[in-house]
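Trainee:
Protein chains in written order, with the working numbering: chain Y, 2 to 148; chain H, 177 to 415.
(1) What would DSSP say about residue 261 of chain H, mapped onto helix, strand or coil?
(2) Based on the DSSP output, what are the partners of residue 272 of chain H in its beta bridges?
(3) Whole angstroms is fine: what's the gap from residue 56 of chain Y's alpha carbon to residue 204 of chain H's?
(4) What are the uninterrupted segments assigned as beta strand (DSSP E) that are 3 or more residues long and contained completely in the segment 224-262 of chain H, given in chain order?
(5) Can a CB atom of chain Y be found closer than 7 Å to the CB of residue 183 of chain H?
(6) Report all residues from its chain with a CB closer than 6 Å to the CB of residue 24 of chain Y; omit the five preceding and five following residues, and keep chain order.
(7) Starting from the C-beta of residue 351 of chain H, find all residues in its chain whose C-beta is less than 7 Å away, skip the five residues before and the five after it, and write them out in chain order.
(8) What residues in its chain sit with their C-beta under 6 Å from that of residue 117 of chain Y, if we drop five residues either side in the sequence?
(9) Whose Cβ in chain H lies nearer than 9 Å to the Cβ of residue 66 of chain Y?
(10) Does DSSP classify residue 349 of chain H as helix, strand or coil?
(11) Going by CA-CA distance only, name the one from Y/78, Y/26 and Y/129 that's closest to residue 43 of chain Y.
(12) Would you tell me roughly how many angstroms separate the C-alpha atoms of residue 208 of chain H and residue 197 of chain H, rounded to the nearest one?
(13) Under 8 Å between beta-carbons, which chain H residues line up against residue 105 of chain Y? List them in chain order, please.
(14) Closest by CA to residue 226 of chain H, which one among H/415, H/412, H/409 and H/403?
(15) Residues of chain Y with a CB under 9 Å from the CB of residue 282 of chain H: which are they?
(16) Would a check of beta-carbon distances place residue 82 of chain Y closer than 7 Å to chain H?
(17) When burial is assigned at 16 or more other CB atoms within 10 Å of the CB, is residue 302 of chain H buried or exposed?
(18) Where residue 250 of chain H and residue 263 of chain H are concerned, what is the direct C-alpha to C-alpha distance, given to the nearest angstrom?
(19) Can you find a C-beta in chain Y that's less than 7 Å from the C-beta of residue 413 of chain H?
(20) Is it the case that the segment 252-267 of chain H contacts the segment 377-385 of chain H, given that we only count it when at least three CB pairs across the two stretches are under 8 Å?
(21) Using a Cβ-Cβ cutoff of 7 Å, what residues of the segment 236-250 of chain H are near chain Y? List them in chain order.
(22) Which residue from Y/110, Y/123, Y/136 and Y/146 puts its Cα closest to that of residue 21 of chain Y?
(23) Hey, is residue 304 of chain H's beta-carbon within less than 7 Å of any beta-carbon in chain Y?
(24) Report the neighbours of residue 381 of chain H on chain Y: residues whose CB is nearer than 7 Å to its CB, in chain order.
(25) Is there a C-beta anywhere in chain H that falls below 7 Å from the one on residue 87 of chain Y?
(26) Helix or strand or just coil, what does DSSP make of residue 200 of chain H?
(27) So, is residue 272 of chain H buried or exposed, given that buried needs 16 or more other C-beta atoms within 10 angstroms?
(28) Looking at C-beta atoms only, is the number of pairs between the segment 285-303 of chain H and the segment 313-320 of chain H that lie closer than 8 Å three or more?
(29) Can you pull the chain H residues whose beta carbon is under 8 Å from the beta carbon of residue 50 of chain Y, in chain order?
(30) Check whether the segment 115-134 of chain Y and the segment 209-219 of chain H are in contact - that is, three or more C-beta pairs closer than 8 Å.
(31) Count Cβ pairs between the segment 279-286 of chain H and the segment 139-148 of chain Y that sit closer than 8 Å; are there 3 or more?
(32) Does DSSP put residue 17 of chain Y in a helix, in a strand, or in coil?
(33) Let me make sure I understand the geometry here. Which of H/215, H/324 and H/200 has the alpha-carbon closest to that of residue 389 of chain H?
(34) In the DSSP output, which residue or residues are listed as bridge partners for residue 50 of chain Y?
(35) Spatial neighbours of residue 40 of chain Y within its chain, please: CB distance less than 6 Å, with the 5 preceding and 5 following residues excluded, ordered by chain position.
(36) Taking the continuous alpha helix (DSSP H) assigned at residue 311 of chain H, which residues delimit it?
What follows is the structure in structure tokens.
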């Protein structure tokens, strides 16, 4: 079964595994998929859209001209004293609405792995996120956001 | 993509002076508690002895690190039966992660009632919900924790928290130790997304490290009876 999975296109594999993934679309180059590069290596120039593709077929789209330096993405997970060990709870993509970072207002989409549904678009504050339970303030430097 | 390959919860089955870190996270692994050091080191989980609720809220002093259903070691037992809880044994537990992942924010230590990581009703008498008569008017979890303000690569703890845990310890929401060689002044109740501990910063990317914590369990006369299996958790984000 695992060998069979490895021969399938990445997008199909993610769907079969019940995983969401992100895609970055550009004005001047081919799209970049989650498996193409690490998030912090993602080219920001010319980025026009960030999408989250969910295993149930839903797609969340965040777009804004020149928004490459405002997009963020991360996953929420737990490591726990349980047989399963680690598990992903949610996948978050966001785009800062306000170019003045201290305000922190952003639009988010969240794929909720527990509820198996896409939440959003939701306006929330990147510095006090409640879109998926309490999450410590994301480290914007790690996420590639340029102040 | 950059999730961690390994994050473990390790208990010290050596001594405070000479730690031996034993992973209790994963299949058939459990951290168990009992009121004495006589629960055994080869007791199957289904046969774990019951403890009688005390007349007033008090600590459950002995912790056991089981690495298989009937294979255990005493926490701080120097490879033998566990040593009774002492706040002075500050090298008791730690989270340990590998160099594969990158945190997107500061990690959280908390506990959930089940592997569904669901919400907790404060004051419901459960081990994490607590009870107003046992764990404070704003009911705190019976399971408390303290946490150190820096990762081991920056310096492991060299002294104990200033205050021992008490049954009413806890603060609503998040608490963080001051960054650096500092424990929380008082212990925090671990109550899911209600009460929890947040590390003071985002740990370095793709760098293996450890975060020292202390786990202290209490029982009280109003605690629900039954088998309690709280899920001690590191909630984290990664890019």
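A virtual CB, placed ideally from N, CA and C, is assigned to each residue, including glycine. Only a predicted model underlies this, so the values are computations on that prediction, with no experimental measurement involved.
Mentor: Per the coordinate set shown:
(1) Working through the second chain from its first residue, we reach residue 261 of chain H at position 85. Coil, per DSSP.
(2) As a first step, residue 272 of chain H must be located in the second chain, where it is residue number 96. When beta bridges are read from the DSSP output, residue 272 of chain H appears opposite H/184 and H/386.
(3) What you label residue 56 of chain Y is simply residue 55 of the first chain in a count that begins at 1. What you label residue 204 of chain H is simply residue 28 of the second chain in a count that begins at 1. If you take the alpha carbons of residue 56 of chain Y and residue 204 of chain H, they lie about 30 Å apart.
(4) 238-244 and 247-250
(5) Taking the first residue of the second chain as 1, we reach residue 183 of chain H at position 7. Answer yes: the Cβ-Cβ gap between residue 183 of chain H and chain Y drops below 7 Å somewhere.
(6) Residue numbering aside, residue 24 of chain Y sits at position 23 when the first chain is read from its first letter. The residues are 32, 34 and 52.
(7) Within the second chain, the letter at position 175 stands for residue 351 of chain H. Cβ neighbours of residue 351 of chain H beyond the five flanking positions: 360, 364 and 373.
(8) Sequence index remark: in the first chain, residue 117 of chain Y carries index 116 (1-based). Cβ neighbours of residue 117 of chain Y beyond the five flanking positions: none.
(9) Working through the first chain from its first residue, we reach residue 66 of chain Y at position 65. Residues of chain H passing the Cβ test: none, with the nearest at roughly 24 Å.
(10) As a position in the second chain, residue 349 of chain H is number 173, starting the count at 1. Residue state, collapsed to three classes: strand.
(11) Within the first chain, residue 43 of chain Y is the residue found at index 42, counting from 1. Nearest C-alpha to residue 43 of chain Y: Y/26.
(12) By 1-based counting over the second chain, the position of residue 208 of chain H is 32. By 1-based counting over the second chain, the position of residue 197 of chain H is 21. Each residue's Cα considered, the two are about 16 Å apart.
(13) Indexing the first chain from 1 puts residue 105 of chain Y at position 104. Residues of chain H passing the Cβ test: none, with the nearest at roughly 14 Å.
(14) Within the second chain, residue 226 of chain H is the residue found at index 50, counting from 1. Residue H/403 is the option with its Cα nearest to residue 226 of chain H.
(15) Locating residue 282 of chain H in the second chain gives position 106, counting from the first residue. Per Cβ cutoff of 9 Å: 137, 138 and 140.
(16) Here residue 82 of chain Y refers to the residue found at position 81 when the first chain is read from its first residue. Cβ-Cβ to chain H under 7 Å: yes for residue 82 of chain Y.
(17) Indexing the second chain from 1 puts residue 302 of chain H at position 126. Its Cβ being crowded by 16 or more others within 10 Å, residue 302 of chain H is buried.
(18) Translated into positions along the second chain, residue 250 of chain H becomes position 74. Translated into positions along the second chain, residue 263 of chain H becomes position 87. Going from the Cα of residue 250 of chain H to the Cα of residue 263 of chain H covers about 16 Å.
(19) Counted from its first residue, the second chain places residue 413 of chain H at position 237. So yes, residue 413 of chain H belongs to the interface.
(20) The way I'd put it, the segment 377-385 of chain H doesn't touch the segment 252-267 of chain H; fewer than three beta-carbon pairs between them come closer than 8 Å.
(21) none
(22) By one-based count along the first chain, residue 21 of chain Y stands at place 20. Measuring from the Cα of residue 21 of chain Y, the nearest candidate turns out to be Y/110.
(23) Looking up residue 304 of chain H in the second chain gives position 128. It does not: the Cβ of residue 304 of chain H has no partner Cβ on chain Y nearer than 7 Å.
(24) Along the second chain, one-based indexing puts residue 381 of chain H at 205. 143, listed in chain order.
(25) Position 86 of the first chain, counted from the first residue, corresponds to residue 87 of chain Y. Yes, residue 87 of chain Y counts as interfacial toward chain H.
(26) As a position in the second chain, residue 200 of chain H is number 24, starting the count at 1. The answer is coil: DSSP assigns residue 200 of chain H none of H, G, I, E or B.
(27) Stepping through the second chain from its first residue, residue 272 of chain H is reached at position 96. Label assigned to residue 272 of chain H: buried.
(28) yes
(29) Position 49 of the first chain, counting from 1, holds the residue named residue 50 of chain Y. Under the 8 Å cutoff, chain H gives no residues; its nearest Cβ is about 19 Å from residue 50 of chain Y.
(30) no
(31) yes
(32) Mapped onto the first chain, residue 17 of chain Y falls at position 16. Looking at residue 17 of chain Y - three-state DSSP - the assignment turns out to be helix.
(33) One-based indexing of the second chain puts residue 389 of chain H at position 213. Out of H/215, H/324 and H/200, H/324 has the C-alpha closest to the C-alpha of residue 389 of chain H.
(34) Residue 50 of chain Y sits at position 49 when you count from the first residue of the first chain. Paired residue(s): Y/26 and Y/64.
(35) Here residue 40 of chain Y refers to the residue found at position 39 of the first chain. 74, listed in sequence order.
(36) In the second chain, residue 311 of chain H corresponds to position 135, counting from 1. Note, residue 311 of chain H: alpha helix (DSSP H), 308-311.
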